[in-house]
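Residue numbers (the working numbering), protein chains in the order written: chain W, 1 to 202; chain X, 1001 to 1382. Notes to accompany the following structure.
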């Protein structure tokens, strides 16, 4: 069974990555899932990831965040290194949350009333996480309590944020549905499928 | 009822402390030997004074090795040890309990109360010493808090203190209890009597709690399947038993002496969360648990509390970056102990730490680094 390693910067993105690998075919499975909170870990280990990808395929997911240009981000991360064709370096525009928001059917199931004004082009949102938190304000109470902080709390998100969205990505989120609204996710799926074909044929 | 503020003077290694406490979970951070346990001990001390059996000020002080062990070494002119707790129940009920004491200068060197005050909604119910106290100073060896006749007007406060639970479960004491045959401390802080506590609850309550715990354990412990309770037919001793998924389906149940340390600690933690609605003091709940499980503790506390009607106020001491890695932890509940040459002080999160937290960083990233000892790297060369 071909395995694909996964490198991500947070729990939610890891779950999205696992789901993407499942999407390309039942015979593929996630190898080692490298994840420590924050992109610093990924960036500082680029040499090792490059080396690893020479041995077995690797999917690295990161956020564009406030960077303006994908190419610029790529050049600061990769520099002069030669990437193995088995190294998929993919960037969510701007955050993993835009990919989640892009699946409207799934979002309606999760947020119910909160899903009234879902963004049609989530890749264009300047701050998709904030948008998601905003929408969650009208979600059913249980979901809302997990995702957003209690009034007056000194915290940026709810205690159950990572787990709730991680579960959503695993169980209810459909990458193919989401890809129709998110060009950056669509490109990622295309590249993953190409990789899958290469692996199966060779 | 819950504690909203704690003010201390000359308590152990704290010369002065004045901190707010939240209704939910307070996270107490600080380097080793900075006084985390001493801070928790204030509430244990008040419990020892007010508990129904074998309580009282004199014993509580004696059990701690006398006032010389209790009073801050850095205490200067004013020799009194002073504790002030603010409590609140709903919006209307506000209480304040103030106790200060010192020892006699001569004679038997008894511990004497220098002040004991109880306030209810800004009305002073008790302000000792009163005239009788002055004419008969033996009266000053006992608090009103510890006496049923005198604490009637503020029974709710006395009950709050006497119901405080402290948990620092030491799995080995539970597993090897029979062999060690150890002496058990009265309030069983180390969980030796944990099984008896489980046994004392009614069947129905026990079943429902164990079901909830079972659900959580299934997530945390791979292969774990079922949790049960039984009494040994021969000895009558209570036991917990667990069933694991196994390549031999009839491999049988395992008793608690075969549980892992982590499983036992997690069990104790979950049980205490469900047990009552009083203040719960947790000493480093992360010990012997996998980081991935530790990461879930804050959320686990929240979800257990959501399930049950009772909500415990919790004060938790920790070193663990994993435990503090969830950016959802409310930083208003974070207290940092800062040791310095004149004893320790306690601070809340600073403005720059607040900025970090509101930008999406976790407590582990913003606050924890400041508690790291500066010369820790040197230890490797020792």
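Ideal Cβ placement from N, Cα and C applies to all residues, glycine included.
* Chain-ordered residues of the stretch 154 to 169 of chain W with a beta carbon less than 9 Å from chain X -> 154, 155, 156, 157, 158, 159, 160, 161, 162, 163
* **Residue environment, residue 1246(X), which counts as buried when at least 16 other CB atoms sit within 10 Å** => One-based indexing of the second chain puts residue 1246(X) at position 246. It counts as exposed.
* To do: Quick one: give me the first and last residue of the alpha helix (DSSP H) that residue 1002(X) is part of.
  => The residue given as residue 1002(X) occupies position 2 in the second chain. Note, residue 1002(X): premise wrong, no alpha helix (DSSP H); beta strand (DSSP E) at 1002 to 1011.
* Top-ranked residue by Cα proximity to residue 1190(X), from 1180(X), 1201(X), 1173(X) -> For this step, residue 1190(X) is matched to residue 190 along the second chain. Closest by alpha carbon: 1173(X).
* Buried or exposed for residue 1196(X), please, with buried defined as at least 16 other CB atoms from any protein chain shown within 10 angstroms of its CB. => Within the second chain, numbered from 1, the residue matching residue 1196(X) stands at position 196. With fewer than 16 Cβ atoms within 10 Å of its Cβ, residue 1196(X) is classed as exposed.
* Name the DSSP bridge partner or partners of residue 1042(X)? -> For this step, residue 1042(X) is matched to residue 42 along the second chain. Partner(s): none; residue 1042(X) has no beta bridge.
* At a CB-CB cut-off below 7 Å, which residues of chain W make contact with residue 1358(X)? -> Position 358 of the second chain holds residue 1358(X). Simply 156.
* To do: Please report how far the alpha carbon of residue 1270(X) lies from the alpha carbon of residue 1349(X), in whole angstroms.
  => For the purposes of this step, residue 1270(X) is taken as the residue at position 270 of the second chain. For the purposes of this step, residue 1349(X) is taken as the residue at position 349 of the second chain. Approximately 28 Å, taken between the alpha carbons.
* Could you confirm whether any beta carbon from chain W is found closer than 7 Å to the beta carbon of residue 1302(X)? => Walking along the second chain from the start, residue 1302(X) turns up at place 302. Yes, residue 1302(X) counts as interfacial toward chain W.
* Taking C-beta pairs closer than 9 Å, name the residues in chain X that residue 149(W) reaches, listed in chain order. => For the purposes of this step, residue 149(W) is taken as the residue at position 149 of the first chain. Those are 1328, 1330, listed as they occur along chain X.
* To do: Could you name each continuous alpha helix (DSSP H) segment of 4 residues or more that falls completely within the stretch 56 to 126 of chain W, going from the start of the chain to the end?
  => 70 to 78, 96 to 101, 104 to 111
* Mind checking whether residue 1200(X) and residue 1192(X) have CB atoms under 7 Å apart? -> Locating residue 1200(X) in the second chain gives position 200, counting from the first residue. Locating residue 1192(X) in the second chain gives position 192, counting from the first residue. No.
* Distance, Cα to Cα, residue 92(W) vs residue 185(W)? -> Start at 1 with the first residue of the first chain, and residue 92(W) comes out as number 92. Start at 1 with the first residue of the first chain, and residue 185(W) comes out as number 185. Taking the straight line from one Cα to the other gives about 7 Å.
* To do: Check residue 1348(X) in the structure and name its three-state DSSP category.
  => For this step, residue 1348(X) is matched to residue 348 along the second chain. If DSSP states are grouped into helix, strand and coil, residue 1348(X) belongs with coil.
* Out of curiosity, what's the CA-to-CA distance linking residue 1299(X) and residue 38(W)? -> Translated into positions along the second chain, residue 1299(X) becomes position 299. Translated into positions along the first chain, residue 38(W) becomes position 38. Each residue's alpha carbon lies about 20 Å from the other.
* **CA nearest to the CA of residue 82(W), picked from 51(W), 148(W), 196(W), 4(W)** => To locate residue 82(W), count along the first chain from 1; it is residue 82. Minimum Cα distance to residue 82(W) is reached at 51(W).
* Mind checking which residues open and close the alpha helix (DSSP H) that includes residue 142(W)? => Within the first chain, residue 142(W) is the residue found at index 142, counting from 1. Start and end: 141 to 147.
* Asked: What in chain W is Cβ-close to residue 1325(X), meaning under 7 Å?
  -> Walking along the second chain from the start, residue 1325(X) turns up at place 325. Within 7 Å Cβ-Cβ: 37.
* If you draw a straight line from the alpha carbon of residue 1232(X) to that of residue 1337(X), how long is it in whole angstroms? -> Walking along the second chain from the start, residue 1232(X) turns up at place 232. Walking along the second chain from the start, residue 1337(X) turns up at place 337. Their Cα atoms are separated by approximately 46 Å.
* Asked: Are the beta-carbon atoms of residue 1313(X) and residue 1002(X) separated by less than 7 Å?
  -> Here residue 1313(X) refers to the residue found at position 313 when the second chain is read from its first residue. Here residue 1002(X) refers to the residue found at position 2 when the second chain is read from its first residue. Cβ distance < 7 Å, so residue 1313(X) and residue 1002(X) count as in contact.
* Asked: Ordered along the chain, which non-local residues of its own chain (more than five positions away) have a Cβ less than 8 Å from that of residue 1218(X)?
  -> As a working mapping, residue 1218(X) is identified with position 218 in the second chain. Taken in chain order, the residues that qualify are 1224, 1225.
* **Close-in-space but distant-in-sequence residues of the same chain around residue 1079(X) (CB under 8 Å, 5 per side omitted)** => If you number the second chain from 1, residue 1079(X) lands on position 79. The residues are 1010, 1071, 1102.
* chain W contacts made by the stretch 1279 to 1312 of chain X, where a contact means CB separation under 7 Å -> 1298, 1299, 1302
* Are the beta-carbon atoms belonging to residue 32(W) and residue 11(W) less than 7 Å from one another? -> Here the question's residue 32(W) lines up with position 32 in the first chain. Here the question's residue 11(W) lines up with position 11 in the first chain. No, Cβ-Cβ distance for residue 32(W) and residue 11(W) is not below 7 Å.
* Closer than 6 Å: is that where the CB of residue 1142(X) sits relative to any heavy atom of the ligand MG? -> This structure does not include the ligand MG; it has no bound ligands of any sort.
* Cross-chain neighbours of residue 1354(X) in chain W, by beta carbon under 9 Å -> Your numbering for residue 1354(X) matches position 354 in the second chain. Result: 154.
* Asked: Taking the continuous beta strand (DSSP E) assigned at residue 1100(X), which residues delimit it?
  -> Along the second chain, read from residue 1 onward, the residue named residue 1100(X) stands at position 100. Unbroken beta strand (DSSP E) run through residue 1100(X): 1093 to 1103.
* 7 Å Cβ cutoff met for residue 1209(X) and residue 1264(X) -> For the purposes of this step, residue 1209(X) is taken as the residue at position 209 of the second chain. For the purposes of this step, residue 1264(X) is taken as the residue at position 264 of the second chain. No, Cβ-Cβ distance for residue 1209(X) and residue 1264(X) is not below 7 Å.
* Asked: Should the stretch 132 to 149 of chain W be called in touch with the stretch 65 to 83 of chain W, which here means at least 3 C-beta pairs below 8 Å?
  -> no
* Which listed residue (1204(X), 1221(X), 1220(X)) has its alpha carbon closest to that of residue 1229(X) -> As a working mapping, residue 1229(X) is identified with position 229 in the second chain. Checking every option, the nearest Cα to that of residue 1229(X) belongs to 1204(X).
* Please check the pair residue 1280(X) and residue 1272(X), which I expect to be a contact at CB under 8 Å, by giving their CB distance rounded to whole angstroms. => Position 280 of the second chain, counted from the first residue, corresponds to residue 1280(X). Position 272 of the second chain, counted from the first residue, corresponds to residue 1272(X). Going by Cβ atoms, the distance from residue 1280(X) to residue 1272(X) rounds to 6 Å, so yes, they are a contact pair.
* **Member of 1308(X), 1371(X), 1307(X) whose CA lies at the smallest distance from the CA of residue 1334(X)** => On the second chain, position 334 is the one that residue 1334(X) refers to. The shortest Cα separation from residue 1334(X) among 1308(X), 1371(X), 1307(X) belongs to 1371(X).
* Asked: Do the stretch 1051 to 1065 of chain X and the stretch 1128 to 1135 of chain X touch if we need at least three Cβ pairs shorter than 8 Å?
  -> no
* When 1362(X), 1171(X), 1330(X), 1095(X) are compared against residue 1121(X), the one with the closest alpha-carbon -> Numbered from its first residue, the second chain carries residue 1121(X) at position 121. Selected option, being the one with the closest Cα: 1095(X).
* To which residues of the same chain is residue 1322(X) closer than 6 Å at the C-beta, ignoring the five residues directly before and after it? -> Locating residue 1322(X) in the second chain gives position 322, where the first residue counts as 1. Same-chain partners within the cutoff: 1291, 1294, 1295.
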